[in-house]
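Participant: Per this note's numbering, the very first residue in the sequence shown carries number 847; after that it's consecutive. Positions of the beta carbon are idealized from the N, C-alpha and C atoms, including for glycine.
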Amino acid sequence: MNPVAAAERRLILLTGLRWLPVGFVLGVTVLLPLERGLTVPEIGGLLAIQGFVVLALELPTGALSDTIGRRPVLVASGVLAIAASTLFLLADSWGVFALSLLLQGVFRALDSGALESWFVDTAHAHDPDANLARPLGRAGAALGGAIAIGALLGGGLIAWHPIPAGSALVPPLLLAILCYTAYVVLVLVLVRDAPGPGHDGSRTAGRTPRHPLAAVTRTLRDTPRTIAEGARLALRSRVLAGLLLVEVFWSVAMIAFETLTPLQLEQLLGSEQDAAAVFGPASAAAWGLYAVGSILAERLSAVFGPAWTAILSRLLNGAFVVWMGLSAGVIGILIAYGLTYLAHGSGGPVHAALLHREAGRTTRATVLSLNSMISGGAYSIGLLVLTGFAASTSAATATVVAGAFSLLGALCYLPALGRDRRERGGYRTGAAGLGPARDHQDAEPVPGP
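1) Return the chain-ordered list of same chain residues with a C-beta closer than 7 Å to the C-beta of H1045, the five sequence neighbours on each side being excluded.
2) I'd like to confirm the pairing. Which residues does DSSP put opposite S923 in its beta bridges?
3) Is DSSP giving S1083 helix, strand or coil here?
4) The ligand PLP and R1268: does any heavy atom of the ligand fall closer than 6 Å to the residue's C-beta?
5) Can you tell me whether E854 is buried or exposed? The criterion is at least 16 other CB atoms within 10 Å of its CB, across all chains shown.
6) Using 8 Å as the threshold, is the stretch 1220-1230 in touch with the stretch 1079-1098, meaning 3 or more CB pairs across them?
7) State the Cα-Cα distance for the pair T1027 and E1075, rounded to the nearest angstrom.
8) Are the CB atoms of S1140 and G996 within a distance shorter than 7 Å?
9) Which one of Y1259, T1212 and Y1183 has the shortest CA to CA distance from A1242?
10) When you compare the CB positions of Y1136 and H1197, do they come within less than 7 Å of one another, or not?
11) For P1291, count neighbouring C-beta atoms within 10 Å of its own C-beta (all shown protein chains included) and say buried if the count is 16 or more, exposed if not.
12) Give the straight-line distance between the Cα atoms of R1267 and T1212, rounded to the nearest whole angstrom.
13) Find out if the Cβ-Cβ distance for the pair S931, I1023 is shorter than 7 Å.
14) Between which two residues does the alpha helix (DSSP H) holding E962 run?
15) What would DSSP say about I1101, mapped onto helix, strand or coil?
16) Between the C-alpha atoms of A1237 and W1169, what's the straight-line distance to the nearest angstrom?
17) Which residue wins for smallest C-alpha separation from P983, given the options W940, L1200 and I928?
18) Cα separation between H1007 and L877?
19) When you compare only the Cα positions, how much space is there between G1234 and L961?
20) With DSSP collapsed to three states, give me the class of V874.
21) With DSSP run on the structure shown, which of helix, strand or coil describes R1267?
22) Comparing alpha-carbon positions, which option in L1158, T907, T875 and I858 lies nearest P1070?
23) Rounded C-beta distance between A1262 and A1153? I'm assuming under 8 Å.
24) Exposed or buried, what is L978 when buried is set at 16 or more other beta-carbons lying within 10 Å of its beta-carbon?
25) Could you check what DSSP says for N1297 in three-state terms: helix, strand or coil?
26) What is the rounded straight-line gap between the Cα of L1109 and the Cα of V1037?
27) Report the three-state DSSP secondary structure of P1041 (helix, strand or coil).
28) For S1048, name the three-state secondary structure that DSSP assigns.
Listed below in structure tokens is the structure:
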């Protein structure tokens, strides 16, 4: 059996199960606190807590994953997901919701890039020249498909309302908790860390403590150095700095189609449960289009290159967000919402491929964590600003502003486009033929275009 193909199958299975519960609760994370008496700015503050926690922990947890291995980090993240979802289900005050979102932030920080890094490590351990774009694109399609199925089931549960004595928004959360439990079990069964450079079964022979507690202690002690190394990685490459900066603009767009859309529907339909019942099937269709976009990304990238594909995806995503805000009716919002996710899906795999090109084995998780850290920080600050703006104006107006701002993110891909042009003659940069990732510890700094 081809070990790379086996690892790809496990990546796709675990990616799907990891994101299925996210589909179950799409919209519920906004509408349940609203149903339980919280205001829109209070909900924005809650969601911002998660982002700030991710911002604080991204680099330390990325280094932890590099140090003690992907498997224990994935297991810990799954356990925290179960705890956070259970607290959210039981919450009846801002403080309990806040604790749930805090745990959710720790889960997200631990989870960030760990499964993807495990696959890349495993693939490169068996074939240093393995084509990563195809399996990463398939994993992106699995992610979108899983969320689509979850959203359809979650919306169906809300419409069915099988527990009349309670809120219709509760059953999807119960199902999400069961899925996270199954995910933890499968990680324990299927994930085995690839050997480190020493090939003696340790993560990094002669450097990393064998005992997990010692490794954690060392990682925490080395956190300032890790943060400094992360900053140096970005400063040494205009390409990497541009890719990381894209997340600021992308995150603002995500606030519009993830958080403001349920609020727009609630304002148009008049109740949280009606909005959730519509938002579930709409999200299922949107995430199905996300999966289509992930598949199209590989073909577009093979023709135009990953940088041009990323630029086009960013522009279309922002334009469709603006369309959502300008739409006066539910149908117009839902059509634009689906197209937004189509462009969202096409941008994800090429952005990931460009990031992996800028990282080597020893820095991969740190680069991915930097990307997610900036995303989380921008998302949190944007939530505070946009939910407050939506409360004083309208969710539709805030959506237009967010979409217009996100269009500027296309400019941040220009350094990557310049590299594609310079290297077209020798090093293949298309997502379908991505060469081995570059390790910034060995590579020369890349000049700007």
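Facilitator: Checking against the coordinates, here is how it stands:
1) Its pLDDT being 37, under 50, H1045 is placed unreliably in this model, and the value from its coordinates should be taken loosely. Result list for H1045: empty, nothing under 7 Å.
2) Paired residues: none, contrary to the question.
3) strand
4) The ligand PLP is not part of the structure shown, which contains no ligands of any sort.
5) E854 comes out buried.
6) Yes, since at least three Cβ pairs between the stretch 1220-1230 and the stretch 1079-1098 fall closer than 8 Å, the two stretches touch.
7) Spanning the two alpha carbons is a distance of roughly 35 Å.
8) no
9) Y1183
10) no
11) Annotation note: pLDDT 29 at P1291 (below 50); position unreliable, coordinate value reported separately. Flag for P1291 reads exposed.
12) Going by the C-alpha atoms only, they are around 27 Å apart.
13) yes
14) A960 to H972
15) helix
16) 20 Å
17) Strictly speaking, residue 983 in this sequence is Gly, with Pro absent from that position. Per the Cα distances, L1200.
18) 15 Å
19) Straight through space, the alpha carbons of L961 and G1234 are spaced by roughly 35 Å.
20) It is helical.
21) helix
22) T907
23) 4 Å
24) The C-beta of L978 has 16 or more other C-beta atoms within 10 Å across all chains shown, which makes the residue buried.
25) Nothing about residue 1297 can be reported from this structure: the residues present for the chain run from 847 to 1295 only.
26) 39 Å
27) For P1041, the three-state secondary structure derived from DSSP is coil.
28) Model confidence at S1048 stands at a pLDDT of 37, short of 50, so the residue's coordinates are unreliable and nothing is read from them.
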